[in-house]
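Beneath this line is the structure, given in structure tokens, with notes to follow.
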Amino acid sequence: MPPLGLGVWQMAAGRETEQAVEWALEAGYRHIDTASLYRNEQSVGAALARSGLPREEVFVTTKLMPLRPSAERELRRSLERLGLEYVDLYLIHFPVPGTIRRHWKALESLQERGLARTVGVSNFGRDRLRNLGGAKPAANQVQLSPFHYRRALLGYCAEEGIVVVAYSPLERGRALADPTIVAVAERAGRTPAQVMLRWSLQRGAVVIPKSSNRERIRENAQIFDFELDADAMRELDGLDTTGGTAKARGRYT
Numbered sequence: 384m385p386p387l388g389l390g391v392w393q394m395a396a397g398r399e400t401e402q403a404v405e406w407a408l409e410a411g412y413r414h415i416d417t418a419s420l421y422r423n424e425q426s427v428g429a430a431l432a433r434s435g436l437p438r439e440e441v442f443v444t445t446k447l448m449p450l451r452p453s454a455e456r457e458l459r460r461s462l463e464r465l466g467l468e469y470v471d472l473y474l475i476h477f478p479v480p481g482t483i484r485r486h487w488k489a490l491e492s493l494q495e496r497g498l499a500r501t502v503g504v505s506n507f508g509r510d511r512l513r514n515l516g517g518a519k520p521a522a523n524q525v526q527l528s529p530f531h532y533r534r535a536l537l538g539y540c541a542e543e544g545i546v547v548v549a550y551s552p553l554e555r556g557r558a559l560a561d562p563t564i565v566a567v568a569e570r571a572g573r574t575p576a577q578v579m580l581r582w583s584l585q586r587g588a589v590v591i592p593k594s595s596n597r598e599r600i601r602e603n604a605q606i607f608d609f610e611l612d613a614d615a616m617r618e619l620d621g622l623d624t625t626g627g628t629a630k631a632r633g634r635y636t
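So the sequence shown is residues 384 to 636, counted in our numbering.
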């Protein structure tokens with residue numbers, strides 16, 4: 384899985400999504416993350432088709448809406464909208480009690496039949512990961528940033544060989560003016576967004592920032608030619624708002 388991807392959550396179907404995906408592919412992204420819930424899979428597929436890139440060069444993730452009864456039917460519909468024969472990663476979008484084990488068994492079957500190269504989950508905490516049954520998920524997609532630093536979950540996933548995929552790694556842009564983020568960025572000679580994305584990479588996560596702005600898409604890709612030092616990482620770790628709270632012990636920790 385490429386360590387940087389484009390997330391298309393809350394992007395409008397049609398021109399916005401298609402342009403964002405095209406610009407990301409032009410900028411070197413090779414990982415696109417969508418979901419049936421986003422209602423823009425068809426637009427992602429259109430942009431992929433126009434890119435002319437070989438299928439095997441682009442890692443495509445989509446997600447099962449777990450309130451639907453049939454994972455196979457939903458994946459086949461997603462594939463039709465995407466114009467693909469398989470996805471690289473198929474996720475249970477969020478845990479719905481009473482459906483998890485049934486859907487997970489179905490996803491394992493879909494992987495065996497080649498409709499998904501790998502399968503995983505999203506928004507799952509440690510307890511739910513432990514109780515899936517069957518094989519371990521390839522990935523767990525969760526909100527992760529210096530402000531949502533899920534230490535226990537990151538540690539557990541690292542021990543179990545589960546890739547953590549960070550959604551909202553920029554806190555939807557709301558944290559970019561934070562004084563600590565700005566100060567670290569100034570010392571590093573980078574933008575606040577690059578610093579936040581780099582923090583997630585150095586904490587072992589894949590990042591899928593969302594943007595439909597061409598320059599920001601390019602900027603977000605420039606995170607592999609520098610490293611944050613130990614002091615900067617400690618400062619960013621200290622921004623966490625979840626550690627030790629009742630919320631932190633909930634289902635997403």
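Backbone N, C-alpha and C fix where the C-beta goes; we use that ideal spot for every residue, glycine too. Being a predicted model, the structure only gives us computed values, none of them experimental.
Check: With I591 and D416 assumed to form a contact (beta carbons below 8 Å), what rounded beta-carbon distance in angstroms separates them?; Outcome: 5 Å
Check: Alpha helix (DSSP H) containing A522: first to last residue?; Outcome: From DSSP, A522 is part of no alpha helix (DSSP H) but of the beta strand (DSSP E) over 522 to 526.
Check: What residue range does the alpha helix (DSSP H) around E415 cover?; Outcome: According to the sequence as given, residue 415 is Ile; it is not Glu. No alpha helix (DSSP H) holds I415; the beta strand (DSSP E) holding it covers 414 to 416.
Check: Between L458 and L493, is the Cβ-Cβ spacing less than 9 Å?; Outcome: yes
Check: Can you have a look at S594 and say buried or exposed, based on whether 16 or more other CB atoms are within 10 angstroms of its CB?; Outcome: buried
Check: Whose C-beta lies closer than 7 Å to the C-beta of P575 among residues of the same chain, with five residues either side of it excluded?; Outcome: L559, I564, V565, A568
Check: Residues in its own chain within less than 7 Å of G544 by CB, not counting five upstream and five downstream?; Outcome: K519
Check: Pair every Cβ in the stretch 522 to 541 with every Cβ in the stretch 604 to 623, then say whether three or more of these pairs are closer than 8 Å.; Outcome: yes
Check: At a cut of 8 Å, does the stretch 602 to 620 reach the stretch 492 to 511 through at least three beta carbon pairs?; Outcome: no
Check: Return the chain-ordered list of same chain residues with a C-beta closer than 8 Å to the C-beta of V578, the five sequence neighbours on each side being excluded.; Outcome: I564, V567, A568, A571, L611, A615, L619
Check: Hey, quick one: how far does the beta strand (DSSP E) through L447 stretch, first residue to last?; Outcome: 442 to 447
Check: How would you label N523, buried or exposed, when you count the other beta carbons within 10 angstroms and need 16 or more for buried?; Outcome: buried
Check: Just to confirm the assignment, what range does the beta strand (DSSP E) spanning G503 have?; Outcome: 499 to 505
Check: Taking the straight line between their C-alpha atoms, what separation do you get for H414 and R557?; Outcome: 24 Å
Check: In or out: L447 buried (at least 16 other Cβ within 10 Å) or exposed?; Outcome: buried
Check: Secondary structure at D471, three-state DSSP: helix, strand or coil?; Outcome: strand
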